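*Asks:*
Number of protein chains: 2
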Amino acid sequence: MVQLKSRVSPLFLREEELRQAMELLFYAYRDFTAEPDSILAKYGFGRAHHRVIYFVGRKPGTTVGELLRILKITKQSLSRVLGQLVREGFVTQESDPRDRRRRRLRLTEKGAELERLLTESQCRLVASAYREAGAQAVEGFRTVLLGLINEEDRGAIVDAEPTGN
Amino acid sequence: MVQLKSRVSPLFLREEELRQAMELLFYAYRDFTAEPDSILAKYGFGRAHHRVIYFVGRKPGTTVGELLRILKITKQSLSRVLGQLVREGFVTQESDPRDRRRRRLRLTEKGAELERLLTESQCRLVASAYREAGAQAVEGFRTVLLGLINEEDRGAIVDAEPTGN
DNA sequence: CAATTTAAGTCAGTAATGTTGACATATATG
DNA sequence: CATATATGTCAACATTACTGACTTAAATTG
């Protein structure tokens with residue numbers, strides 16, 4: 001089969017390989033978000049809330065502008081979701097003392113709890129895939145995904161060291 | 166730094182590693198869908214249309230039920246998008262002669278053209294990431310992503326051989 | 001200091017994508 | 001014939017995103 005196909009079209013395997021990558025990304029993302037989505041639904045939240053909770057938890061003190069650059073959505077879209085999270089006591093805002101235009105965002109204890117719930121769920125999935133795949137595969141996974149990401153953002157991910165403020 | 170942190174919490178690197186995976190998936194998916202999204206916008210379509218066009222193009226003769234299992238959305242959600250694609254001449258439906266309840270879906274030439282446009286865009290991105298990463302990394306990428314996917318669906322991706330009907 | 005830029009927020013309208021629930025039709029199968 | 005299956009449809013609604021126009025407060029710059 002494979003021999004026949006590659007004789008007919010030498011590009012077949014290559015295209016097949018690339019299409020497989022696309023499908024893997026689709027299915028993986030679909031399943032990667034399924035459990036968090038169902039947890040969030042219990043809180044009346046959606047995937048957008050998850051992203052805010054995740055990135056604020058990941059880097060406490062993030063500003064609104066930073067979130068906008070990460071999420072690549074409009075200020076108005078973020079505002080709705082962030083406003084809900086603040087009103088419902090999952091996230092706090094406080095002016096940065098050095099530049100009081102900036103609002104530093106942080107999770108409340110309630111917010112941190114939800115963040116843990118969501119992250120633990122995804123950690124289990126990723127940890128299991130990592131274990132099954134092995135360290136070398138994990139390295140390849142990271143390399144390829146990094147290559148899919150906009151160059152400007154690559155640094156932010158690799159460097160990411162939670163500074164604690 | 167790393168030494169200090171891993172002394173403080175031996176689980177630090179592990180959790181850090183898992184969080185990095187989550188972020189890689191988020192950023193990669195964000196950037197992976199960006200270009201198709203902007204192409205689709207010119208046609209008045211969105212990501213949902215892309216998925217239908219992609220999977221119908223990938224496996225001509227797919228039925229509605231099969232699409233529903235792949236996309237994991239409701240019949241009503243699919244119907245809206247699929248209906249548009251049929252009405253606007255991107256997809257055709259014809260009853261399966263053996264089981265005339267089933268509608269076999271296929272791309273029209275117009276649909277195939279759009280599919281190529283979208284897939285080529287993503288192919289370029291994936292091919293570039295694959296080239297930079299190397300064959301071994303690609304293998305790891307596939308292994309890990311496969312591990313993130315629901316077991317039931319894993320087979321479908323690996324086996325996937327377009328039968329041409 | 002005055003003018004400008006930056007960070008954030010707000011109001012209004014619109015669109016895409018998804019959901020539930022109820023029901024209809026055609027076809028296949030036991 | 002009764003039932004199950006595949007598909008389609010109507011209606012109402014929620015979430016997430018968008019554009020455009022404007023405001024406020026604070027920092028920066030000439």
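Residue numbers (the numbering used here), protein chains in the order written: chain U, 1 to 165; chain H, 166 to 330. Glycine residues also receive a C-beta, built at the ideal position from the N, C-alpha and C atoms. Note that this is a predicted model, so its numbers are computed, not measured.
Using a Cβ cut-off of 7 Å, pull out every chain H residue sitting near U:D31, in sequence order please.
*Replies:* Taking the first sequence and counting its residues from 1, the one referred to as residue 31 of chain U is at position 31. The answer, in chain order, is L313, I314 and N315.
*Asks:* So within the segment 192-266 of chain H, which uninterrupted beta strand (DSSP E) runs reach at least 3 residues, ignoring any that extend past its ends?
*Replies:* You should have 256-260.
*Asks:* If contact means a Cβ-Cβ distance below 7 Å, which residues of the segment 58-74 of chain U contact chain H?
*Replies:* Correct list: R58 and K72.
*Asks:* Under the rule that 16 or more other beta-carbon atoms within 10 Å means buried, what is H:R184, buried or exposed?
*Replies:* For the purposes of this step, residue 184 of chain H is taken as residue 19 along the second sequence, with counting starting at 1. By the 10 Å Cβ count, H:R184 comes out buried.
*Asks:* Any beta carbon from chain U within less than 8 Å of H:A302's own beta carbon?
*Replies:* Position 137 of the second sequence holds residue 302 of chain H. Yes, H:A302 lies at the interface with chain U (some Cβ there is under 8 Å from its Cβ).
*Asks:* Which chain H residues are close to U:Y157, counting only those with a beta carbon under 7 Å from its beta carbon?
*Replies:* The residue you call residue 157 of chain U lines up with position 157 of the first sequence. In the sequence under discussion, the amino acid at residue 157 of chain U is Ile, which differs from the Tyr named in the question. By Cβ distance, chain H contributes Q185, E188, L189 and Y192.
*Asks:* Expressed to the nearest angstrom, what Euclidean distance is found between the alpha-carbon atoms of U:I39 and U:S79?
*Replies:* Taking the first sequence and counting its residues from 1, one reaches residue 39 of chain U at position 39. Taking the first sequence and counting its residues from 1, one reaches residue 79 of chain U at position 79. Cα to Cα, U:I39 sits roughly 22 Å from U:S79.
*Asks:* For U:Q122, go through chain H and note every residue whose CB falls closer than 7 Å to its CB, in chain order.
*Replies:* For the purposes of this step, residue 122 of chain U is identified with residue 122 of the first sequence, where counting begins at 1. Going along chain H in sequence order, the residues near U:Q122 (Cβ under 7 Å) are M187.
*Asks:* State yes or no: is the C-beta of H:V303 within less than 8 Å of the C-beta of U:V138?
*Replies:* The residue you call residue 303 of chain H lines up with position 138 of the second sequence. The residue you call residue 138 of chain U lines up with position 138 of the first sequence. No, these two residues do not count as a Cβ contact at 8 Å.
*Asks:* Would you report the Cα separation of U:G155 and H:T257, rounded to the nearest angstrom?
*Replies:* Locating residue 155 of chain U in the first sequence gives position 155, where the first residue counts as 1. Locating residue 257 of chain H in the second sequence gives position 92, where the first residue counts as 1. Roughly 45 Å between the two C-alpha positions.
*Asks:* Just to make sure I have the definition right: I need the residues of chain U whose C-beta is within less than 9 Å of the C-beta of H:F306. Which are they?
*Replies:* Position 141 of the second sequence, counting from 1, holds the residue named residue 306 of chain H. Simply A21, L24, A137, G140, F141, R142, T143, V144 and L145.
*Asks:* Between H:T228 and H:R267, how many whole angstroms is the CB-CB distance? I'm expecting something under 8 Å.
*Replies:* Reading the second sequence from its first residue, position 63 is the one you call residue 228 of chain H. Reading the second sequence from its first residue, position 102 is the one you call residue 267 of chain H. H:T228 to H:R267, Cβ: 5 Å. Contact.
*Asks:* Considering only the beta carbon of each residue, do H:G305 and U:Q136 sit closer than 8 Å?
*Replies:* Locating residue 305 of chain H in the second sequence gives position 140, counting from the first residue. Locating residue 136 of chain U in the first sequence gives position 136, counting from the first residue. Against a cut-off of 8 Å, the Cβ pair of U:Q136 and H:G305 comes out as a contact.
*Asks:* I'd like to know whether the C-beta atoms of U:R51 and U:L82 end up nearer to each other than 8 Å.
*Replies:* Along the first sequence, one-based indexing puts residue 51 of chain U at 51. Along the first sequence, one-based indexing puts residue 82 of chain U at 82. Going by C-beta atoms, U:R51 is not nearer than 8 Å to U:L82.
*Asks:* Which residues in chain H have a C-beta closer than 8 Å to the C-beta of U:Y130? List them in chain order.
*Replies:* Residue 130 of chain U sits at position 130 when you count from the first residue of the first sequence. Simply E182, L183, A186, V309 and G312.
*Asks:* Apart from the five residues on each side of it in sequence, which residues of its chain come closer than 6 Å, Cβ to Cβ, to H:Y208?
*Replies:* Reading the second sequence from its first residue, position 43 is the one you call residue 208 of chain H. No residues qualify anywhere along the chain.
*Asks:* State the Cα-Cα distance for the pair U:S77 and U:F45, rounded to the nearest angstrom.
*Replies:* Your numbering for residue 77 of chain U matches position 77 in the first sequence. Your numbering for residue 45 of chain U matches position 45 in the first sequence. Looking at the two C-alpha atoms, the distance is approximately 14 Å.
*Asks:* Have a look at U:Q122 and H:G226 and give me their C-alpha separation to the nearest angstrom.
*Replies:* As a first step, residue 122 of chain U must be located in the first sequence, where it is residue number 122. As a first step, residue 226 of chain H must be located in the second sequence, where it is residue number 61. The straight-line gap from Cα to Cα measures roughly 35 Å.
*Asks:* Excluding the 5 residues flanking H:L282 on each side, which residues of the same chain have their C-beta closer than 7 Å to its C-beta?
*Replies:* Here the question's residue 282 of chain H lines up with position 117 in the second sequence. So the qualifying residues of the chain are I204.
*Asks:* Below 9 Å on C-beta distance, what does U:L125 contact in chain H?
*Replies:* Counting from one through the first sequence, the residue named residue 125 of chain U turns up at place 125. Per Cβ cutoff of 9 Å: G312 and L313.
*Asks:* Rounded to a whole number of angstroms, what is the C-alpha to C-alpha distance between U:E15 and H:K275?
*Replies:* Residue numbering aside, residue 15 of chain U sits at position 15 when the first sequence is read from its first letter. Residue numbering aside, residue 275 of chain H sits at position 110 when the second sequence is read from its first letter. Approximately 21 Å between the Cα atoms of the pair.
*Asks:* Between the alpha carbons of U:Y54 and H:D261, how many angstroms are there, rounded?
*Replies:* Here residue 54 of chain U is taken as the residue at index 54 of the first sequence, counted from 1. Here residue 261 of chain H is taken as the residue at index 96 of the second sequence, counted from 1. Answer to the nearest angstrom: the Cα atoms are 47 Å apart.
*Asks:* When burial is assigned at 16 or more other CB atoms within 10 Å of the CB, is H:K240 buried or exposed?
*Replies:* Mapped onto the second sequence, residue 240 of chain H falls at position 75. It is exposed - the Cβ of H:K240 has fewer than 16 other Cβ atoms within 10 Å.
*Asks:* Residues of chain H with a CB under 7 Å from the CB of U:D99: which are they?
*Replies:* Start at 1 with the first residue of the first sequence, and residue 99 of chain U comes out as number 99. Result: empty, since nearest Cβ-Cβ is about 26 Å, beyond 7 Å.
*Asks:* Would you mind giving the Cβ-Cβ distance between U:V126 and H:M187, rounded to the nearest angstrom? I have them listed as a contact below 8 Å.
*Replies:* Taking the first residue of the first sequence as position 1, residue 126 of chain U is located at position 126. Taking the first residue of the second sequence as position 1, residue 187 of chain H is located at position 22. At roughly 7 Å, the Cβ-Cβ gap stays under 8 Å, so U:V126 and H:M187 are in contact.
*Asks:* Should U:A41 be labelled buried (16 or more other beta-carbon atoms within 10 Å of its own) or exposed?
*Replies:* What you label residue 41 of chain U is simply residue 41 of the first sequence in a count that begins at 1. Per the 10 Å Cβ criterion, exposed.
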